[in-house]
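Heads up: the sequence shown runs through residues 1117 to 1620, numbered per this note's numbering. What follows is one structure encoded as structure tokens, with my remarks underneath.
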Amino acid sequence: MANSENNFWLKMFLVFFVFLTIGLSVFLFMVYRSNFDLENQNSVARGEAGNAKNQQDQIARQLDGVMEKIGIKDTNPEGVIEKLEKQLADVSSENASGTVAAAIVAQRDKLQNEKRRADELQRELVGTVSDMQNNKKIDEDRIQAEAEAKTKAQRDLQEVQDRSEEQINKLTAEADQLTDSLRQLQIEYDQYKDTAEQKQQELQTNIRNMSNTINQLQDEVAQLLDLSFEKADGKIIRTDFDNNLVWINIGSSSGLMPQTRFSVYLKKNRGVARGTDEVKGAIEVTEILDDNLSIASIIDEDLGRPIAAGDPIYSPAWSAGGELAISLVGLIDLDGDGYTDRDRFHELLKQSQSVVDNEVDDKGNRTGEGISVDTKFLVVGEIPSVSIAKTEGAAIDNAVAEKIADAHKSMVAEAREQGVRVLTLQDFLQYIGYRPTQRLWMRTSGRPWNLKHGQRLSDAAIESGKYESSGTVSGYYTRDRKLPPYESSGRVSELYKKVKKQYP
């Protein structure tokens, strides 16, 4: 405040001094002009020269005093005015009129504005200081409260630590005791685990051996008894050998569709689907006449056992009123030419209203959710030999052969678990009445061409790749053709006697 008042009075003094200077400067200028006029009129007013001289001297002295007061040391009037105007401009740049009075008024207004601004700033400063003091008091109170809370918390913590130390020691002792007990139990558990694992391995070995034995016995029993729970789907009720047609007692009420094939069995048989020796022909449905009557063409027939009315018919791929689920594994070669017939086999199943629920394709990739109780048969095609696939130039890749072999093993195990019957592809085709009608044979294929009534190599010979002829030919051709043929000895084949005795 003291500095503001000093500045105010200093400014007032400066303004007063400026005004005084201006007034003196103007007065000096007027005196100077009067003196100049008197000099011009010297010739006229010589009488007044003395007085004028005295006045001039007095004015000069006064001018010198004014000049000394305003601080302008210049005897030239124009120089005095110029310096005075410059000082006025420096004091107030807003003075448009350039007069001393206007400059004084402008400076007064400016000083009053500055004083009002200083008063406002002073009031703001007082308010700010008051707010700061209030905030400081609040902060001090908060710090004090936090310090008291911290002190209380430290006391509580110390009390808790004092109370917990005894409990911690007690719990530590109990934990040590439990650790000793756990260590002892761990030793006993390890001993029991070793014993249990050993017993488990022994049991698993026994189970595996027993399972293998059971499977082997089941295979032996199946081979000896050739059990089958299948029943005939229908029977032949009429034959027409002139047109190679038969009529069967199955029709639209059973959901029969054209192109469905059936195998034809002997009237006296041990049961359908128990072997192919009692199959004497095959038929294919060509026309559905009514609910329980259809016409079928004879597509294969044993001339020694002609198809007759009353012969039962059966197909494992067809069921009255619904679809059958069939699972497939292995290579599907219907005509033995060495090329896959998988698409053709699917067409046969579709014609018989059967679906494939699980399948392993020619690349060893398996599809399906697994064999279940809803699966009717597991049809096993040719399972490629892994050892042959490893040889150079083999028809199938070794990795693919291993995948197919592994899939065959797992699917047969699934079929045994679910009670699903396993059929070879040849038996399945025989049961559904399929006979290959076309076959492409090439000399370089490595496979023989078996005539309809010729000798057929065993499956073992085919799998081993031995396709050479055994060299056995008719005795008629072993002799010189010039010699007469052999005469009958009158003996009957033992096999014929056995068959005649079984089927009189």
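Backbone N, C-alpha and C define an ideal beta-carbon position, used for all residues, glycine too. Here the structure is a predicted model, which is why all the values come from computation and not from measurement.
With respect to the 7 Å criterion, Val-1445 and Ala-1523 are classified as neighbours on the basis of their beta carbons. Partner residues in the beta bridge of Pro-1428, as assigned by DSSP, are Lys-1351. Per the DSSP secondary-structure output, Thr-1483 pairs in a beta bridge with Glu-1475. Pro-1374 and Thr-1402 do touch by the CB rule: their CB atoms are close to 6 Å apart, below 8 Å. By the neighbour-count definition (other C-beta atoms within 10 Å, threshold 16), Val-1476 is a buried residue.
Note on geometry: alpha-carbon atoms of Asn-1251 and Gln-1270 lie some 28 Å from one another.
Secondary structure note for Lys-1519: its alpha helix (DSSP H) is the uninterrupted segment 1514-1534. Residue state for Arg-1224 is assigned as helix, using DSSP reduced to three classes. Residue Leu-1541 holds the alpha-carbon nearest to the alpha-carbon of Leu-1447 among Leu-1541, Arg-1279, Arg-1532, Ala-1263.
The beta carbons of Gly-1549 and Arg-1377 sit closer together than 7 Å. The residue among Lys-1479, Glu-1198, Lys-1492, Asn-1474 with its C-alpha nearest the C-alpha of Ser-1526 is Asn-1474. Annotation for Asp-1406: Gly-1367 place their beta carbon closer than 6 Å to its own, counting only its chain and skipping 5 residues before and after. For the options Leu-1382, Asn-1328, Ala-1433, the alpha carbon positioned closest to that of Glu-1394 is the one of Leu-1382. DSSP places Phe-1357 in the coil class of the three-state scheme, outside both helix and strand.
Spanning the alpha carbons of Ser-1413 and Gln-1467 requires a straight line of approximately 15 Å. Collapsing the DSSP output to three states places Ser-1488 in coil. Asp-1418 sits in a strand when the DSSP states are folded into three classes.
In the three-state reduction of the DSSP assignment, Leu-1144 falls in the helix class, which pools H, G and I. Here Ser-1369 carries a helix assignment [DSSP, helix/strand/coil].
Note: Phe-1378 is bridge-paired with Ile-1399 in the DSSP secondary-structure output. Judged by DSSP in its simplified three-state form, Gly-1438 adopts strand.
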